[in-house]
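Numbering follows the UniProt record's numbering, with no gaps: position 6 of the sequence shown is 6.
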Amino acid sequence: MEPIDVRTMMNAAAGAATISAADGAPRQERRKRLSPAALAVTNEKVSKAYSTVVISGVVRILDFLLLSAVGLGLYLWYVMPGTSFSWQYTAAVFGVAACAVISFQAAEIYDVQVFRGQLRQMTRMVSSWALVFLLFIGASFFAKLGGTISRVWLSAFFFVGLSALFAERFVLRALVRRWAREGRLDRRTIIVGSDENGENLIRALKAQDDSDIQILGVFDDRNDSRALDTCAGQPKLGKIDDIVEFARRTRIDLVLFALPISAETRILEMLKKLWVLPVDIRLSAHTNKLRFRPRSYSYLGKVPTLDVFEQPITDWDMVLKSAFDRVVGAIILVLLAPVMALVALAIKLDSPGPVLFLQKRYGFNNERIDVFKFRSLFHDQADPLASKVVTKGDTRVTRVGRFIRKTSLDELPQLFNVVFKGNLSLVGPRPHAVQGKLQSRLFDEAVDGYFARHRVKPGITGWAQINGWRGEVDTDEKIQKRVEFDLYYIENWSVLFDLYILFKTPFALIKGENAY
1 MEPIDVRTMM
11 NAAAGAATIS
21 AADGAPRQER
31 RKRLSPAALA
41 VTNEKVSKAY
51 STVVISGVVR
61 ILDFLLLSAV
71 GLGLYLWYVM
81 PGTSFSWQYT
91 AAVFGVAACA
101 VISFQAAEIY
111 DVQVFRGQLR
121 QMTRMVSSWA
131 LVFLLFIGAS
141 FFAKLGGTIS
151 RVWLSAFFFV
161 GLSALFAERF
171 VLRALVRRWA
181 REGRLDRRTI
191 IVGSDENGEN
201 LIRALKAQDD
211 SDIQILGVFD
221 DRNDSRALDT
231 CAGQPKLGKI
241 DDIVEFARRT
251 RIDLVLFALP
261 ISAETRILEM
271 LKKLWVLPVD
281 IRLSAHTNKL
291 RFRPRSYSYL
301 GKVPTLDVFE
311 QPITDWDMVL
321 KSAFDRVVGA
331 IILVLLAPVM
341 ALVALAIKLD
351 SPGPVLFLQK
361 RYGFNNERID
371 VFKFRSLFHD
381 QADPLASKVV
391 TKGDTRVTRV
401 GRFIRKTSLD
411 ELPQLFNVVF
421 KGNLSLVGPR
431 PHAVQGKLQS
441 RLFDEAVDGY
451 FARHRVKPGI
461 TGWAQINGWR
471 GEVDTDEKIQ
481 KRVEFDLYYI
491 ENWSVLFDLY
501 ILFKTPFALI
511 KGENAY
């Protein structure tokens, strides 16, 4: 039997996004019913997750800054009053601090699981810190700098620096343990496959010490004797079709397949349904006889897995994008405040009613959010759910409304969503109205994989919009192209890409295509 190409499976699943549902048959349910066991999980209070990668990175930065502050503080207090300022001490402080961080990394004490403990990280820290100073003393000797470096300062730097690190780790240990109790560091995981393979996988995950995997339950389509109602103590929560709805009601970080990789057809059919979710999806390989190269695996503790889909824009990328949205969004908001004031005045003078209104739209992970817009319709004909598409010559649109819709000035209040509410980004897939339709079909009924657009936070402008796919959606091609361009953006995101889209947006708005 030939090895399965996981990348081919991934591309095949992604290809489903551009297949238009030509028959237009509506789906049986808009909101699936979940089993009592699944509902019990979704009703539990869930805290927002913290990225362990970001936490480890922040601790590295804090270590460097803390040691630098201690070294420079001791120099300014003890050495400098009797001499002139010396750049040698400054270089030595920064060099020691940088080497300490590198040494701590080599000693593997930047793992969040290590932060929870005490003895292990303290012993490693003492030995690593001592090694750094031994190396510094040796380098000073060979560079003949021993007479210019104060021994009192050097000794104080060692002991005060170590004490400061101890104090920092005690605080960090308390924070990490509290976050662990709140579930902020756990990877909430569901298992696909409620059979013997599923039981073996769950037992292997539970057998690991200090594991961050929290298993919520198992899902399986089979109703025969092969599918267990309780799998290694974990309840069966439903079928594969229930996972998408389950993930929208509670936080899921990882979907782990316990099925053998040889079940290629079955796995591929499931992936076509699940790839729209903003979660990591992996195939367990701990019991598979089919083996890949070691570098092909990623590990959950000691359990080998194969990555199929990864959650887009995570860890430092998420921090960077969030900071970009808030900072750049605030700048744009200040610069455009006069324009927004003029638009508000024109709306108020043109027709009675409020200047702003809230519209229901789909946000991240298909959650419903309220977005701000300038009112462009007559107040008594407002349509906050956008159940009726605005078309060319629509009599509901005011005189000012035609202009601001044509130029997309009606979208400017969404900057408040970006800067203050945080449920929109500057750049991303546009948040379509919850009742947005194409010829009586909701958008997700017209295009398979439509909800994959919601794997990231929606944006005020996007890759599809600057390429001409904005405004009225009256053909299959228009909604299909939007999805294609949005998925391209998600897979190729970068800050430079966002800047490019922002730069091109005004030029795209000048054309005013498809906007009525």
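Glycine included, C-beta positions come from ideal geometry on N, C-alpha and C.
This one's a predicted model, so the numbers in the text were calculated from it and none came from an experiment.
- In the DSSP assignment, T461 falls within the unbroken beta strand (DSSP E) covering 459-461.
- Nearest C-alpha to Q414 among H379, W77, I369: I369.
- Three or more Cβ pairs drawn from the segment 97-112 and the segment 58-65 lie within less than 8 Å of each other, which places the two stretches in contact.
- In this structure, the alpha-carbon of V41 lies about 7 Å from that of L216.
- Bounds of the beta strand (DSSP E) holding R282 are 280-284.
- In the DSSP assignment, Q381 is bridged to no other residue.
- For the pair V276 and H454, the CB atoms are nearer than the 9 Å cut-off.
- The C-beta distance from L237 to V218 rounds to 7 Å, short enough to meet the 8 Å contact threshold.
- In terms of Cβ geometry, R188 and A49 form a close pair [threshold 9 Å].
- DSSP places R368 in the strand class (E or B) of the three-state scheme.
- Contact between the segment 299-312 and the segment 197-211 is present: 3 or more CB-CB pairs across the two stretches fall below 8 Å.
- T148 and Q121 have their C-alpha atoms roughly 34 Å apart.
- Residue nearest to K360 within the set F416, F372, D241 is F372 (criterion: CA-CA distance).
- In this structure, the CA atom of D325 is about 19 Å from the CA atom of S51.
- Between the segment 151-163 and the segment 120-137, the count of C-beta pairs closer than 8 Å reaches three or more; the two stretches touch.
- In this structure, R402 lies near S376, with their beta-carbon atoms less than 9 Å apart.
- In the DSSP assignment, Y89 falls outside any beta strand (DSSP E) and within the unbroken alpha helix (DSSP H) covering 87-106.
- Judged by DSSP in its simplified three-state form, V46 adopts coil rather than helix or strand.
- S284 counts as buried, since no fewer than 16 other beta carbons sit within 10 angstroms of its beta carbon.
- DSSP places T305 within a strand segment (E or B) once states are collapsed to three.
- The continuous alpha helix (DSSP H) containing G401 extends over residues 399-406.
- The beta carbons of G329 and V419 sit closer together than 9 Å.
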